[in-house]
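Participant:
2 protein chains.
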Amino acid sequence: MFKDLDPLLHSQLRLAIMSLLIGVDSAEFVFIKEKTGATAGNLSVQLDKLSNAGYISVIKSFKGKKPVTTCSITRVGIKAFEEYVDSLKGYIG
Amino acid sequence: MFKDLDPLLHSQLRLAIMSLLIGVDSAEFVFIKEKTGATAGNLSVQLDKLSNAGYISVIKSFKGKKPVTTCSITRVGIKAFEEYVDSLKGYIG
DNA sequence: TAAAATAGTTTATATTATAAACTATTTTAT
DNA sequence: ATAAAATAGTTTATAATATAAACTATTTTA
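Now the structure itself:
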């Protein structure tokens with residue numbers, strides 16, 4: 011009935027990040043920041059957590075002279091997201 | 011796109027409690043404890059929070075000689091739950 | 001009548017989310 | 001040329017949260 015909800019995904023900001031990333035090939039830090047309305051600090055921390063869990067991959071590069079952080083969801087992340095959504099349905103019908 | 015998720019409902023145990031209560035007239039402490047698998051302490055705290063928010067009503071009485079805590083969802087609680095579910099859909103499609 | 005069970009509450013702890021403060025660099029304005 | 005502001009983040013401090021352990025009070029059972 012009430013399956014455990016992956017605590018890494020049961021967080022407003024991290025869920026928003028994953029929700030964004032599941033629909034695109036990749037997205038940049040600034041883009042995610044704008045879409046989610048998160049502060050840079052909070053976003054940085056949450057991206058790290060998702061990255062450490064293997065749910066997203068994070069690549070740092072340069073666009074001209076500016077640093078760019080590019081994120082994409084991994085296969086593991088997609089599976090975790092799908093399982094989370096499935097578990098959630100046990101709660102919200 | 012990403013509406014704020016009511017932090018009172020965005021909690022595994024409180025969401026499970028609300029999910030249970032939305033389907034019934036009322037439910038007793040022990041019943042909720044069994045269905046959710048929560049410890050009594052945790053359940054007590056979370057019921058208090060939902061009660062203080064006006065999402066549920068809690069009535070204490072006796073069944074024979076044993077104390078009984080009976081909970082039911084309020085109109086306010088139903089609305090909050092529905093809004094939460096609606097907001098959540100912006101995240102999980 | 002001592003031990004265990006029932007029905008909870010209170011309190012302490014560990015985790016978490018979050019923003020404030022910070023670093024490093026680049027662009028713009030004077 | 002250089003001071004001020006903007007960009008792109010990271011690190012750290014704090015406040016909120018979830019959770020279980022410890023506790024109270026009563027009743028049932030051995």
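Chains as they are written, first to last, in my numbering: chain A, 11 to 103; chain B, 11 to 103.
Beta carbons: idealized from backbone N, C-alpha and C, even for Gly.
Mind listing which residues of the segment 41-53 of chain B have their C-beta closer than 8 Å to chain A's C-betas, in chain order?
Facilitator: K45, T46, G47
Participant: Have a look at the DSSP bridge pairing and note the partners of A/A90.
Facilitator: Taking the first residue of the first sequence as position 1, residue 90 of chain A is located at position 80. Note: A/A90 sits in no beta bridge, so no partner.
Participant: Can you tell me which of the three DSSP states A/S29 falls into?
Facilitator: Counting from one through the first sequence, the residue named residue 29 of chain A turns up at place 19. Of the three classes helix, strand and coil, the one that applies to A/S29 here is helix, per DSSP.
Participant: Confirm the yes/no value for this check: CB of B/G33, any heavy atom of the ligand NAP, distance under 6 Å.
Facilitator: No copy of the ligand NAP appears in this structure; indeed no ligand is present at all.
Participant: Hey, out of A/T79, A/F12, A/G51, A/D14, whose CA is closest to A/S36's CA?
Facilitator: Counted from its first residue, the first sequence places residue 36 of chain A at position 26. Checked all of A/T79, A/F12, A/G51, A/D14; the closest Cα to A/S36 is A/T79.
Participant: Interface residues of chain B around A/V34 at Cβ under 7 Å?
Facilitator: As a first step, residue 34 of chain A is located in the first sequence; it is residue number 24 there, counting from the start. Residues of chain B passing the Cβ test: none, with the nearest at roughly 14 Å.
Participant: Looking only at its chain, what residues have a beta carbon closer than 7 Å to the beta carbon of A/A90, apart from the 5 residues adjacent to it on each side?
Facilitator: Position 80 of the first sequence holds residue 90 of chain A. Closer than 7 Å at the Cβ level, and outside the excluded window around A/A90, lie D16, L19, Y65.
Participant: Which residues in chain B sit within 9 Å of A/Q22, going by Cβ to Cβ distance?
Facilitator: By one-based count along the first sequence, residue 22 of chain A stands at place 12. Here the neighbours are F12, D14, L15, P17, H20, Y101.
Participant: Answer with yes or no whether the minimum CB distance from A/S29 to chain B is below 7 Å.
Facilitator: Working through the first sequence from its first residue, we reach residue 29 of chain A at position 19. At least one chain B Cβ lies under 7 Å of A/S29.
Participant: Which residue comes first and which comes last in the beta strand (DSSP E) that contains A/F72?
Facilitator: Taking the first sequence and counting its residues from 1, one reaches residue 72 of chain A at position 62. That run of the beta strand (DSSP E) goes 66-73.
Participant: If you check the beta carbons only, do A/L53 and A/K43 fall under 7 Å apart?
Facilitator: Numbered from its first residue, the first sequence carries residue 53 of chain A at position 43. Numbered from its first residue, the first sequence carries residue 43 of chain A at position 33. Judged by beta-carbon spacing, A/K43 lies within the 7 Å limit of A/L53, meaning their Cβ atoms are closer than that value.
Participant: Just to make sure I have the definition right: I need the residues of chain A whose C-beta is within less than 7 Å of the C-beta of B/L60. Which are they?
Facilitator: In the second sequence, the residue the question calls residue 60 of chain B occupies position 50. Per Cβ cutoff of 7 Å: no residues; B/L60 is ~14 Å from chain A at best.
Participant: Taking all protein chains shown into account, do 16 or more other C-beta atoms lie within 10 angstroms of the C-beta of B/I27, making it buried, or fewer, making it exposed?
Facilitator: Counting from 1 along the second sequence, the entry for residue 27 of chain B is found at position 17. Buried.
Participant: Using the rule of at least 16 other Cβ atoms within 10 Å of the residue's Cβ for burial, across every protein chain shown, is A/I69 buried or exposed?
Facilitator: Within the first sequence, the letter at position 59 stands for residue 69 of chain A. By the 10 Å Cβ count, A/I69 comes out exposed.
Participant: Over what stretch of residues does the alpha helix (DSSP H) that includes B/V78 continue unbroken?
Facilitator: Within the second sequence, residue 78 of chain B is the residue found at index 68, counting from 1. From DSSP, B/V78 is part of no alpha helix (DSSP H) but of the beta strand (DSSP E) over 76-83.
Participant: Contact criterion: CB-CB distance below 7 Å. Does B/V95 meet it with respect to chain A?
Facilitator: For this step, residue 95 of chain B is matched to residue 85 along the second sequence. Yes, B/V95 counts as interfacial toward chain A.
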